[in-house]
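**Student:** Encoded as structure tokens, here's the structure I'll be asking about.
Number of protein chains: 2
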Amino acid sequence: MSENNLIAISGGIGGAKLCYGLDQILEPGQLRVIANTGDDFLYLGFYISPDIDTLIYTLAEVNNKETGWGREDETWKTHNVLGELGADNWFKLGDKDLALHLHRSKALRNGETLTSITQDIAERFKLKTVILPMSDHIIQTVVDTDEGSMPFQEYFVKESTNPKVREISFESKHPETTKEVLEAINDPELSGFMIAPSNPYLSVDPILSIDKIKQTIMQSNKPRVAVSPIIGGDSVKGPTAKIMEEMGLEVNVMTIANHYEDLIDGLIIDNTDEEYIQAIESSGIKVKVSNILMNNNDDKTRLAEEAIEFLNELS
Amino acid sequence: MSENNLIAISGGIGGAKLCYGLDQILEPGQLRVIANTGDDFLYLGFYISPDIDTLIYTLAEVNNKETGWGREDETWKTHNVLGELGADNWFKLGDKDLALHLHRSKALRNGETLTSITQDIAERFKLKTVILPMSDHIIQTVVDTDEGSMPFQEYFVKESTNPKVREISFESKHPETTKEVLEAINDPELSGFMIAPSNPYLSVDPILSIDKIKQTIMQSNKPRVAVSPIIGGDSVKGPTAKIMEEMGLEVNVMTIANHYEDLIDGLIIDNTDEEYIQAIESSGIKVKVSNILMNNNDDKTRLAEEAIEFLNELS
């Protein structure tokens with residue numbers, strides 16, 4: 000697949016699975032992932048970037064397959080002693096994982112950008128894919144719920160997604176992207192864009208909330224496809240379906256198609272959702288039907304191959 | 000020993016051994032340790048207080064007996080991954096130990112004093128002894144060497160005490176102690192002061208460099224004894240003897256007696272140093288001879304008992 004240069008737009012777990020498949024079949028440097036940083040937060044004084052971390056660990060094949068987050072073969076010594084000391088330890092940090100946060104936080108304090116330290120860490124993990132934070136500024140995903148407004152991590156981890164979501168917004172004093180992201184989008188060698196099956200509202204929308212990113216992608220003449228995060232009326236993982244219901248949206252692939260309507264040329268949906276093909280195509284979006292549940296690495300590379308094939312058909 | 004209320008002046012390892020012995024035989028609250036914070040430093044963004052940590056871990060009986068610093072049953076996951084990431088990891092932090100630094104650093108950022116968070120941590124470890132930082136301000140021990148001037152930890156850990164010491168100084172914008180330390184020194188119930196066998200130049204002098212501490216102790220009418228950190232012309236542990244030589248001092252207990260001359264009423268020296276009794280006593284300091292090498296817990300409590308007995312003889 001040496002002719003392909005792709006940009007993936009991705010959040011954490013679900014998106015990282017497709018990125019893993021793409022990374023496996025593409026040549027070094029051919030995949031650039033624009034990663035959501037709307038979930039980033041400060042914890043115990045250091046900067047945590049959950050989606051970037053999940054992408055790095057997944058592509059480096061050191062991710063924890065059971066939890067879906069963090070590293071494999073992890074221990075929890077620091078976390079447990081924090082508990083014994085009566086310290087805040089609602090966010091569970093593994094001992095190996097912690098080193099990444101300490102290292103990155105120090106770099107940021109020293110004036111490095113998130114883009115630059117992410118590149119440095121990716122090289123240490125010998126990744127062949129480039130991970131580009133959507134911004135070097137703080138853009139915070141804020142979830143307005145029936146229990147009040149809260150930053151994403153508080154909603155997701157501390158409150159275990161229990162509060163009912165009313166609205167999601169993105170707060171920033173500098174809602175700007177980076178020159179690296181814009182250069183990637185404008186790369187004349189680019190084959191196209193792929194929106195990974197991450198949560199559209201919590202993981203993809205923060206990226207698209209940066210006006211310059213959305214406009215530059217819209218102005219590109221390269222094809223754009225999305226892989227649905229919804230299968231048969233439910234989300235594969237995480238709170239996507241729950242949030243859709245709470246926001247009064249129908250939980251099906253048609254809603255996903257409508258959500259990305261302006262942006263995408265094609266949508267990959269699951270076999271179980273064939274009934275929606277006609278409705279989606281009549282809205283001007285091409286549909287590809289496949290088995291989009293990624294249970295293992297073979298699923299990931301197979302779906303990645305099909306997605307690239309679909310993208311090339313649309314160009 | 001219910002009639003004894005003691006103040007110990009202590010640095011880390013050697014001093015902590017005597018404090019352990021005192022802690023074992025005294026009632027809760029009877030021992031207050033004024034601890035050296037001249038070695039404190041910032042590392043990876045958090046505040047580390049080596050002597051306070053050694054005192055806490057030693058009194059809580061969770062200290063690492065082999066290394067002499069840090070906690071027992073320790074692991075090094077974060078430290079090792081920091082190395083893999085190319086991060087600074089010259090200061091070896093264990094995974095359990097790290098939690099203490101993270102917890103304390105957060106408290107300090109939140110405006111707590113070092114005194115208050117130390118008290119909080121001591122309670123978590125169920126200590127019956129009170130540990131009082133010599134100051135809530137930064138007072139930094141600076142070692143001037145043939146390879147330049149450097150903060151203590153850099154000299155001690157990064158440079159492994161290899162540079163030759165020319166002079167030791169204490170730098171501070173606020174060389175002030177705390178009200179808790181002054182209240183302890185002025186406590187009418189106090190039985191006396193004990194200078195633990197820590198390095199006089201690197202661990203005790205930073206405490207005495209605070210004019211108010213030294214003057215208040217000098218004005219007290221309570222007896223004051225020191226336990227020699229030198230046995231038979233060498234230091235028990237650490238670089239005391241090496242530093243004394245480099246600063247042109249004779250390495251023997253007479254030099255220790257001269258160093259503390261203004262301050263102490265009595266000095267406890269080792270059996271092997273009996274030859275110095277007369278010279279020390281002729282300088283006005285009473286001498287007690289004992290086996291002052293503390294190899295095990297029995298040694299520590301026995302020496303602590305003898306030191307208390309000696310202190311009471313002098314009152």
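For the record, the sequence lines run as chains A and B. Just so we're aligned: 205 in numbering that gives the first Met the number 0 is position 206 of the first sequence, and the numbers increase by one with no gaps anywhere. Just so we're aligned: 225 in numbering that gives the first Met the number 0 is position 226 of the second sequence, and the numbers increase by one with no gaps anywhere. Backbone N, C-alpha and C define an ideal beta-carbon position, used for all residues, glycine too.
#1: In whole angstroms, what separates the C-alpha of T117(A) from that of L131(A)?
#2: Which residue from Y275(B), D96(B), N3(B) and I24(B) puts its Cα closest to that of T316(B)?
#3: Report the CB separation of I267(B) from V203(B) in whole angstroms; it is logged as a contact under 8 Å.
#4: What residues are listed by DSSP as bridge partners for V250(B)?
#5: Hey, does V315(A) have any beta-carbon neighbour from chain B nearer than 8 Å?
#6: Classify D135(B) as buried or exposed, calling it buried when 16 or more other Cβ atoms lie within 10 Å of its own Cβ.
#7: Using the Cβ count rule (16 or more neighbours within 10 Å means buried), how would you classify Q29(B)?
#8: Within the region 181-237 of chain A, note down every full beta strand (DSSP E) run reaching 3 residues or more, in order along the chain.
#9: Starting from the C-beta of L313(A), find all residues in its chain whose C-beta is less than 7 Å away, skip the five residues before and the five after it, and write them out in chain order.
#10: Go ahead and pull the three-state DSSP assignment for L310(A).
#11: Could you tell me which residues DSSP puts in a beta bridge with G44(B)?
#12: How do the region 191-206 of chain A and the region 249-261 of chain A stand: do at least 3 beta-carbon pairs fall below 8 Å, yes or no?
#13: Assuming E166(A) is part of the beta strand (DSSP E), what are its boundary residues?
#14: Mind checking which residues open and close the beta strand (DSSP E) that includes M149(B)?
#15: For E142(B), which of helix, strand or coil comes out of DSSP?
#16: According to the Cβ coordinates, are F192(A) and I212(A) closer than 8 Å?
#17: Can you check which of these residues, Y42(B), Y275(B) and A303(B), is closest to K157(B) by C-alpha distance?
#18: Would you identify the three-state DSSP class for I291(A), choosing helix, strand or coil?
#19: Under the rule that 16 or more other beta-carbon atoms within 10 Å means buried, what is R165(A), buried or exposed?
#20: Please report how far the alpha carbon of G110(B) lies from the alpha carbon of A86(A), in whole angstroms.
#21: If you draw a straight line from the alpha carbon of E244(B) to that of V250(B), how long is it in whole angstroms?
#22: What is the DSSP secondary structure of L37(B), reduced to helix, strand or coil?
#23: Just checking, does the region 39-54 of chain A make contact with the region 95-108 of chain A on the three C-beta pairs under 8 Å criterion?
#24: Quick one: what's got a C-beta closer than 6 Å to K287(A)'s C-beta in the same chain, skipping five residues either side?
#25: Where P162(B) and Y154(B) are concerned, what is the direct C-alpha to C-alpha distance, given to the nearest angstrom?
#26: Verify whether the separation of the beta carbon atoms of A98(B) and L84(A) is less than 8 Å.
#27: What would DSSP say about S159(B), mapped onto helix, strand or coil?
#28: Cβ closer than 8 Å: which chain B residues qualify as neighbours of T77(A)?
#29: Taking 6 Å as the limit between beta carbons, can you name the residues of its chain near D210(B), skipping five residues before and five after?
#30: With 9 Å as the limit, tell me which residues of the region 34-61 of chain B have their beta carbon closer than that to any beta carbon of chain A; keep them in chain order.
#31: Under the rule that 16 or more other beta-carbon atoms within 10 Å means buried, what is S1(B), buried or exposed?
#32: If you measure beta-carbon to beta-carbon, which residues of the region 113-125 of chain B are closer than 7 Å to chain A?
#33: Enumerate in chain order the residues of its own chain whose CB-to-CB distance from Y56(B) is below 6 Å, with the five nearest sequence positions on each side excluded.
#34: With a threshold of 8 Å between beta carbons, is A86(B) in contact with chain A?
#35: Got a sec, what are the start and stop residues for the alpha helix (DSSP H) D22(B) sits in?
#36: On the three-state DSSP scale, how would you describe A86(B)?
**Tutor:** Once the coordinates are examined:
#1: Answer to the nearest angstrom: the Cα atoms are 8 Å apart.
#2: The displayed coordinates of chain B run from 0 to 314. Any statement about residue 316(B) would go beyond what the structure contains.
#3: Rounded, the Cβ-Cβ distance is 15 Å, inconsistent with contact.
#4: Secondary-structure assignment with DSSP links V250(B) through no beta bridge to anything.
#5: With chain A covering only 0 through 314, there is no way to say anything about residue 315(A).
#6: Flag for D135(B) reads buried.
#7: Buried, since its Cβ has 16 or more Cβ neighbours within 10 Å.
#8: If we require 3 residues or more, the beta strand (DSSP E) runs fully inside the region 181-237 of chain A come out as 191-194 and 223-226.
#9: Counting only residues of its own chain and dropping the five nearest sequence neighbours on each side, L313(A) has a CB closer than 7 Å to the CB of P222, V224, D264, G265 and K285.
#10: Under the three-state reduction of DSSP, L310(A) is assigned to helix.
#11: In the DSSP output, where bridge partners are listed per residue, G44(B) has none listed.
#12: Enough Cβ pairs lie closer than 8 Å, so yes.
#13: From DSSP, the beta strand (DSSP E) with E166(A) extends over V164 to E170.
#14: Segment G147 to P150, the beta strand (DSSP E) holding M149(B).
#15: Just to set this straight, residue 142(B) is Val in the shown sequence, not Glu. In the three-state DSSP reduction, V142(B) falls in the strand class (E or B).
#16: For F192(A) and I212(A), no; Cβs fall outside 8 Å.
#17: The candidate whose alpha carbon is nearest that of K157(B) is Y42(B).
#18: The DSSP-derived three-state label of I291(A) is coil.
#19: Its Cβ having fewer than 16 others within 10 Å, R165(A) is exposed.
#20: The straight-line gap from Cα to Cα measures roughly 15 Å.
#21: Approximately 7 Å between the Cα atoms of the pair.
#22: For clarity, residue 37(B) is Gly in the given sequence; the question names Leu instead. Here G37(B) carries a coil assignment [DSSP, helix/strand/coil].
#23: Yes, the region 39-54 of chain A touches the region 95-108 of chain A.
#24: I267 and F309, listed in sequence order.
#25: The alpha-carbon atoms of P162(B) and Y154(B) are separated by roughly 7 Å.
#26: Yes, these two residues count as a Cβ contact at 8 Å.
#27: Three-state DSSP puts S159(B) in coil, outside helix and strand.
#28: The contacting residues are T77, D94, K95, L97, A98 and L101.
#29: No residues qualify anywhere along the chain.
#30: For the region 34-61 of chain B, which is checked against every Cβ of chain A, the residues closer than 9 Å are L43, G44 and F45.
#31: With a pLDDT of only 47 at S1(B), under 50, the local geometry of the prediction cannot be trusted, and no value is derived from it.
#32: Cβ contacts with chain A come from I120 and R123.
#33: Result list for Y56(B): N62 and R70, in chain order.
#34: Closer than 8 Å: yes.
#35: Run containing D22(B): I12 to I24, per the alpha helix (DSSP H) assignment.
#36: Three-state DSSP puts A86(B) in coil, outside helix and strand.
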